[in-house]
Structure formats: C-alpha cells, structure tokens
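Novice: Encoded as structure tokens, here's the structure I'll be asking about.
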Amino acid sequence: MSSSPEQSFLATSLRSDTCGLLRRTDVGRTVRLGGWVHRSRDLGGLVFIDLRDRTGLVQLAFGPAWTAADVQSAAAAVGVESVVLVEGEVVARESDRVNPEMPTGEVEVRVTSLKVVGPAVTPALPVARGRGDKMPAEELRLRHRYLDLRRPELQANLVLRHRLMQVTRRFLSDRGYLELETPILTKPTPEGARDYLVPSRVHPGEFYALPQSPQIYKQLFMCCGYDRYFQIARCFRDEDLRADRQPEFTQIDIEASFIEREDILSLAEGLIGALWREAGHEAPAHFDRMSYADAMEFYGCDRPDMRYDLRLRDFSSVFAPLDFAVTSNALASGARVRGLVVPGGAAWSRKQVDELEALAKGAGAGGLLRLRRADGAYDGPVAKFLTDDARDAFGLADGDLALFVAAPDRISSPALDRVRQECARRLELVDDAAQRFLLVMDFPMFEEDPTTGALAAVHHPFTAPHPEDMKAFPDTPARWRALAYDVVLNGTELGGGSIRTSDPAVQSRMFALLGIGDEAEQERRFGFLLEGLRAGAPPHGGIAFGFDRIAMLLSGAPSLRDVIAFPKTTAARSLFEGAPVAVPADDLAELHIAVREASRSRSANSPEGTA
RNA sequence: GGGGGCGUAGCUCAGCUGGUUAGAGCACUCGACUGUCACUCGAGAGGUCGCGGGUUCGAGCCCCGUCGCUCCCGCCA
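In my numbering, the protein residues as written are 9 to 619.
Given below as structure tokens:
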C-alpha cells in the first residue's frame with residue numbers, strides 16, 4: 009500500500025514507507041520506517057522522536073499503552089543522528105496535538121518495535137537546528153560534510169540539482185541531442201585558464217590535462233556527423249576561487265550542426281524556460297536582446313543587470329565647450345566624458361559620494377567628477393564652469409546628482425559600472441523578485457592589448473567572425489564582431505556560446521591574427537581539431553551553461569558550495585577528504601616527478617584528514 | 001599575487017583600558033517528568049583562547065610571523 013507514487017518507489021524490504029510522506033490517509037496502517045533520529049523529547053512516561061529521511065520528518069510516539077517497556081527505554085536512550093528501524097501504527101493526532109508546521113503534523117506513528125541499526129556518536133555539528141540558530145562556520149560544515157549534507161536545506165538543493173539535470177537530459181534528448189562523453193584525461197590547452205595537470209606514469213615527463221571544457225571535442229563530434237551533442241560535463245580550471253566559482257564545476261555543454269545563431273538562441277531560451285519551470289519559476293519565451301556595444305555604452309558592462317535602468321550617458325559634447333581642464337584634457341586625448349544622473353543623489357553626504365569615488369578608483373579611474381543640483385543651485389567641481397547651455401544639457405532635476413568619469417572607455421566603463429550598481433543598491437532600485445533575462449549579442453572578435461596592440465580572442469579562437477564585418481573592414485580585425493552570445497540574468501552570466509569557424513581558410517586567418525600563424529605551432533596546439541575541420545566540417549555552433557550557478561540561483565543558495573555535494577574551499581582545498589595532499593616520494597618517483605623541497609607546502613595546520 | 005573580515009568549550013557567541021579561578025545558551029552525561037514538537041526542571045562534565053615568537057611584573061586582549069576559513073581585486077568565460 010502506498011500513499012503516493014514516490015512512496016512506492018522508496019519502499020524496500022526493510023521499510024514500507026518513508027517518513028515525510030505520511031498523511032491522514034495513512035491512518036490505521038501499520039508501517040515500517042527507517043531514518044535518522046532528528047530530535048527527541050523524553051517526557052518520562054512518553055517519548056517522542058522526530059524521525060528524518062530524505063522525504064522529511066515524522067513524529068514517532070512511544071507510550072506504555074502501545075509500546076513495550078524495553079522498546080520505550082531504548083527509544084529514550086537512542087542518540088540523535090542514530091539510524092533506527094521502527095514499526096508502528098499511523099495514528100491521527102487529536103486536534104490540539106496537530107503540528108501545523110510539519111507536513112506530517114496531522115499524524116504520528118505509535119511505535120511497537122525499534123531497532124537501532126546505525127548508532128551515532130554525538131555529532132560534531134548540530135543537524136537539527138532551532139529557529140534563529142546560526143549556521144556553524146563554513147569551515148566546520150565542510151570538514152564535517154557527512155553531517156552538513158544531512159541538513160534538509162542542503163538535501164533540497166541537491167534534489168533540485170538532480171531534477172534540473174533530468175530536465176536538461178529530457179529536453180535535449182527529445183530534440184535529438186545525443187549525450188556523448190569526452191575524456192577527462194586530455195591535452196593541455198594553451199588558451200584561457202590554467203590547467204590541472206596529471207602526470208603520466210607510462211610516459212616519463214609527460215602530462216595529461218583535465219579539460220577546462222569539452223570545447224574541442226564537441227566541435228569534433230560535429231565534424232564527425234553526430235549532428236547534435238550535449239553533455240553535463242565536469243570542467244576544471246586551476247584559477248582562484250569566488251563564491252560563484254569552483255575549480256571543478258559542471259557545464260551543460262551543447263553543440264549542433266547545420267544551424268545558425270537563431271537556432272541556438274531559441275534552444276537556449278527553451279532550455280532555460282524548462283529549467284526555470286522545473287524549479288517553480290517563470291521565464292519568458294523570448295529574452296530581451298542587446299548588443300555588446302550597447303551594453304558597454306549604456307551599462308559599462310557586458311552582462312548588465314536589467315532590473316533597473318540608470319543608464320550611462322556620453323556627456324562629451326556637453327563638456328566640450330567648458331573651460332574645465334580635467335575634461336578638456338581627456339577630450340583632447342580622444343577620450344570621452346561619460347557618466348550617469350542619479351535621481352535624488354544630491355541628498356547623499358560628501359562621505360557617501362567619496363565612497364562612490366573610491367569604487368571608481370578601485371576600478372582604475374583617476375577620479376569621479378560630481379555635479380549636484382540641490383535647492384536650485386549647482387555645486388561640485390564642475391559647477392563654476394557651467395554655462396546656461398551646459399546646465400540645460402545635463403538635464404538635472406532638483407535633488408539629482410551627476411557623476412562623471414573622463415577617461416578612455418576601457419577605464420570609464422568598469423568604473424561607471426560599479427558606481428551604477430552601488431547607486432542602484434542605495435536607491436533600492438533592485439527588485440529581488442524580478443528576473444530579467446538578456447541575450448548579449450555581437451561580442452567583439454578580438455580584444456586589443458592596450459599597450460602592445462596584440463589581439464586576443466574574446467571568446468576563443470574557433471569563434472566565427474561576423475561575415476559582414478570581415479567584408480566591411482578587412483584590414484581592421486579589431487572592429488570585427490563575433491557570432492558570439494551570452495545569456496545573462498540579473499547581471500549574472502548564465503552561459504555563452506558562439507557559431508564556430510568551419511572554414512579552414514578563415515580559421516588560418518584567425519590564427520594568424522592571434523599571433524599563432526606558424527603552422528607547426530597551430531598543429532602542436534590544436535592539431536587534432538584542425539584535422540577534423542579540414543576533413544569536412546558542417547556549419548556548427550553551440551552554447552554552454554554554468555550548471556552549478558543555475559542550480560544556485562534556482563535554489564536560492566548563497567554560494568555554489570551549497571549546491572555541490574563536496575565542494576572546495578576558496579583555497580581549492582577539500583576539507584572533508586583533505587585533498588590535495590603531499591605524496592610519498594616513492595609514488596612521485598613512479599611518476600617521474602620530483603618536488604623541490606622549497607616548494608613543499610608546510611601547512612602545519614592543514615586538515616588532519618585521511619592522508 | 002594583493003586587500004578586508006573572522007578564528008575563545010562539540011556548536012553559536014560574550015569576555016571592559018592588559019590584571020584574581022575565562023563565562024552564557026545549545027549540545028553532551030546523570031537524575032526527575034504521560035502529549036511533547038527548539039519539551040521542561042535539577043545536577044555535572046567539558047578550554048593548548050588556531051599555531052609560533054615577542055613586549056610586559058602580568059597577554060584571550062598589544063606587536064611580529066604563520067596556518068585555516070571567508071569576501072573582494074588581480075586571474076578566470
């Protein structure tokens with residue numbers, strides 16, 4: 009007998025039901041349950057235990073009227089987090105004994121037999137937490153992950169993660185995408201992030217690399233005619249961490265053949281919609297779009313948060329006629345004066361505006377110019393140079409504050425981006441409930457090093473340039489746009505991709521522009537992909553989503569570490585199993601590796617784990 | 001690589017301007033309790049104040065170094 013479809017899946021030889029799904033409809037049934045002692049209350053004559061399993065909690069009741077004395081004393085003695093098997097009758101609680109805060113609160117199980125099958129030592133961290141209890145330090149949660157993972161909140165996150173994976177698989181499989189695997193032991197890629205290296209025992213002095221992404225392989229699948237590929241792929245990057253960045257992370261990796269940009273974008277919209285619906289959220293059928301150029305121009309950022317407007321403006325023409333050295337010099341050197349008008353910002357104190365300037369300076373700006381209009385008067389360093397025309401052109405309402413950066417765009421954009429975000433936060437313009445999706449289109453193909461002028465690929469070297477741009481500006485590749493796109497939500501990048509170069513001639517040109525024109529060098533780095541492309545490549549392209557980040561957003565978790573079962577710390581350490589560890593000299597010798605004594609980490613305080 | 005924050009009992013924290021024997025709540029142990037649901041009540045046990053060095057008559061507190069966690073910049077798509 010089962011009370012729900014899930015219940016029937018979870019019944020086993022040892023249990024008839026699970027804890028969290030028992031309801032009034034189960035009253036009268038004799039059930040066998042297994043679970044962890046979440047909490048217990050010993051009233052002397054009566055004992056209550058809240059029993060927990062993946063599905064939730066149910067109250068077990070032990071009393072002399074239905075429980076044998078030895079069973080009751082065993083119940084009183086069992087410690088929290090011990091695993092027990094019980095048998096008893098599901099009973100309706102009297103109305104004044106109902107617990108409305110528990111889904112199972114209308115019933116309890118009157119236990120007749122109890123077996124402690126997994127006695128637990130006193131837990132190092134509390135699993136059951138009272139209202140208002142603070143969370144244990146993250147360090148301890150990670151060190152005792154076997155306890156932290158028992159917490160219903162974390163279990164809910166991982167369950168959601170599972171469901172999102174299944175939705176992804178179904179969505180893509182239903183559309184003809186094949187889930188194909190690619191190697192974990194692969195070849196170092198010179199592009200992008202640092203690789204994790206794995207020494208080869210068989211080949212002295214040679215190394216595998218863990219993949220930063222399956223990029224090259226998925227393109228090869230296209231060359232091989234698999235037409236549509238996806239993978240929920242583990243990727244590795246040996247870079248410093250953030251709250252939303254782990255050294256080992258999961259991507260939804262997608263590639264398709266005989267497609268153009270729109271095909272991938274509508275697939276992406278559909279997949280995001282399916283994921284959002286699975287988590288009980290809404291996502292629009294089509295996302296707003298913005299060019300990279302506009303994003304940088306109006307928001308100073310390639311992933312603008314569209315929950316608020318507060319756009320940047322170009323004030324160069326307003327400043328041009330003014331006899332103001334700071335801005336005239338900037339304008340004379342070819343830079344612009346950009347800024348934003350903050351409604352109501354005139355009310356901010358000198359100190360508050362100084363804080364904004366500190367943000368701008370932190371992003372590389374020399375300073376932040378201010379112009380305030382309060383009580384009909386203008387003040388700030390710009391004020392005394394104002395002409396009537398300029399005054400009108402700024403368009404400040406009374407109470408407004410205008411902030412400017414006079415610098416090249418590559419400096420003013422990030423500076424004003426930070427200022428804009430902080431202003432929005434202060435003005436409480438950010439609607440936390442809002443979800444504003446955005447497709448950022450037409451990224452530039454190359455990034456120019458400001459000092460050397462060398463070109464670097466913004467996306468990666470296999471991204472296809474806009475054909476029209478190649479035609480229109482054949483000799484100024486810095487102006488080429490790429491057929492690349494990002495999916496952005498509320499200022500966070502969810503994923504990105506591009507149409508790839510399938511024409512070997514274009515690919516060679518790209519390499520030449522990137523300074524790897526030497527064919528031997530190309531072969532050394534990307535030979536196996538180039539071979540594949542030359543052997544007949546269909547037009548293809550794809551996209552990849554940061555799966556952990558999506559799971560984090562949809563679960564409302566504050567950190568990636570709360571949607572990954574066994575995450576690393578910001579020092580890329582695993583406190584639970586204690587990785588990484590020093591390795592005995594013999595093991596290193598077998599790998600043909602010697603570690604310089606000076607570079608041995610002397611972490612006296614490193615986790616005393618299982619090394 | 002750089003900057004900020006944190007580190008005191010198993011957990012969360014307090015600890016005054018450097019001064020007697022380092023405290024509280026929860027958890028734990030023992031005892032009492034027949035309707036609790038963060039049960040309640042009584043008693044008890046529990047400390048290398050992250051680690052090392054220094055200043056001082058005296059350091060949880062000040063200084064230097066170091067380890068760990070965390071947030072951010074650089075880095076990373």
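The beta carbon of each residue, even a glycine, is placed where N, CA and C say it ideally should be. These numbers were taken from a predicted model, which means no experiment stands behind them.
According to DSSP, is residue 326 part of a helix, a strand, or is it coil?
Specialist: Indexing the first sequence from 1 puts residue 326 at position 318. In this structure, residue 326 counts as helix in the three-state DSSP scheme.
Novice: Specify, as a first and last residue, the run of the beta strand (DSSP E) that residue 500 falls within.
Specialist: For the purposes of this step, residue 500 is taken as residue 492 along the first sequence, with counting starting at 1. Taken as a continuous stretch (DSSP letters only), the beta strand (DSSP E) holding residue 500 covers 500-507.
Novice: Could you give the DSSP three-state label for residue 272: helix, strand or coil?
Specialist: Against the first sequence, residue 272 aligns to sequence position 264. In the structure shown, residue 272 sits in a helix (DSSP, three-state: H, G or I).
Novice: Checking 8 Å against the spacing of the C-beta atoms, do residue 522 and residue 464 come in under that value?
Specialist: The residue you call residue 522 lines up with position 514 of the first sequence. The residue you call residue 464 lines up with position 456 of the first sequence. Here residue 522 is near residue 464, since their CB atoms are less than 8 Å apart.
Novice: What three-state label does DSSP hand residue 517 in the structure shown?
Specialist: Position 509 of the first sequence, counting from 1, holds the residue named residue 517. DSSP places residue 517 in helix when its eight states are reduced to three.
Novice: Based on DSSP bridge pairs, tell me the residues matched to residue 123.
Specialist: Position 115 of the first sequence holds residue 123. Its beta-bridge partners are 93.
Novice: Compute the distance between the beta-carbons of residue 452 and residue 490, then report whether it is under 8 Å.
Specialist: In the first sequence, counting from the first residue as 1, residue 452 sits at position 444. In the first sequence, counting from the first residue as 1, residue 490 sits at position 482. In contact: residue 452 and residue 490 (Cβ atoms closer than 8 Å).
Novice: Three or more beta-carbon pairs under 8 Å between the region 477-492 and the region 281-298, yes or no?
Specialist: Because the criterion of three Cβ pairs below 8 Å is not met, the region 477-492 and the region 281-298 do not touch.
Novice: Are the region 190-203 and the region 126-146 touching by the rule of at least three beta carbon pairs closer than 8 Å?
Specialist: With contact defined as three or more Cβ pairs closer than 8 Å, the region 190-203 and the region 126-146 are not in contact.
Novice: Please report the distance separating the alpha-carbon of residue 278 from that of residue 293.
Specialist: One-based indexing of the first sequence puts residue 278 at position 270. One-based indexing of the first sequence puts residue 293 at position 285. C-alpha of residue 278 to C-alpha of residue 293: approximately 7 Å in a straight line.
Novice: Reducing DSSP to helix, strand and coil, say where residue 41 ends up.
Specialist: Start at 1 with the first residue of the first sequence, and residue 41 comes out as number 33. Three-state result, residue 41: strand.
Novice: Quick check: the Cα distance between residue 79 and residue 52, rounded to an integer number of angstroms?
Specialist: Here residue 79 corresponds to residue number 71 of the first sequence, with the count starting at 1. Here residue 52 corresponds to residue number 44 of the first sequence, with the count starting at 1. Straight-line Cα distance between these residues: approximately 13 Å.
Novice: To the nearest angstrom, how far is the alpha carbon of residue 549 from that of residue 493?
Specialist: Here residue 549 refers to the residue found at position 541 when the first sequence is read from its first residue. Here residue 493 refers to the residue found at position 485 when the first sequence is read from its first residue. Going from the Cα of residue 549 to the Cα of residue 493 covers about 11 Å.
Novice: Residue 3: which of 58, 263, 174, 502 sits nearest, CA to CA?
Specialist: Shown here, the chain extends from 9 to 619; a query on residue 3 therefore has no answer.
Novice: Closest to residue 209 by C-alpha separation, out of 505, 596, 346, would be which residue?
Specialist: Looking up residue 209 in the first sequence gives position 201. With distances taken between Cα atoms, residue 209 lies closest to 596.
Novice: Check whether the Cβ atoms of residue 379 and residue 427 sit closer than 8 Å, and answer yes or no.
Specialist: Here the question's residue 379 lines up with position 371 in the first sequence. Here the question's residue 427 lines up with position 419 in the first sequence. It is not a contact, given that the beta carbons lie outside the stated cut-off.
Novice: Please state the DSSP three-state secondary structure of residue 585.
Specialist: On the first sequence, position 577 is the one that residue 585 refers to. Here residue 585 sits in coil by DSSP.
Novice: I believe residue 402 touches residue 334 by the beta-carbon criterion, under 8 Å. Please report the beta-carbon distance rounded to the nearest angstrom.
Specialist: For the purposes of this step, residue 402 is identified with residue 394 of the first sequence, where counting begins at 1. For the purposes of this step, residue 334 is identified with residue 326 of the first sequence, where counting begins at 1. About 16 Å separates the two Cβ atoms, so there is no contact after all.
Novice: In terms of DSSP beta bridges, what is residue 471 paired with?
Specialist: Here residue 471 refers to the residue found at position 463 of the first sequence. Answer is 508.
Novice: Hey, is the region 310-330 in contact with the region 345-358, meaning 3+ C-beta pairs nearer than 8 Å?
Specialist: yes
Novice: Could you give the DSSP three-state label for residue 296: helix, strand or coil?
Specialist: Counting from one through the first sequence, the residue named residue 296 turns up at place 288. Correct three-state label for residue 296: strand.
Novice: Could I get the ranges of all uninterrupted beta strand (DSSP E) runs contained in the region 422-498, with 3 residues as the minimum, in chain order?
Specialist: 445-449, 454-456, 463-465, 492-497
Novice: I need the DSSP call for residue 352, collapsed to helix, strand or coil.
Specialist: The residue given as residue 352 occupies position 344 in the first sequence. Residue 352 falls in the coil class under three-state DSSP.
Novice: Could you give the uninterrupted runs of the alpha helix (DSSP H) lying entirely in the region 118-164, keeping only those of 4 residues or more?
Specialist: 146-151, 153-156
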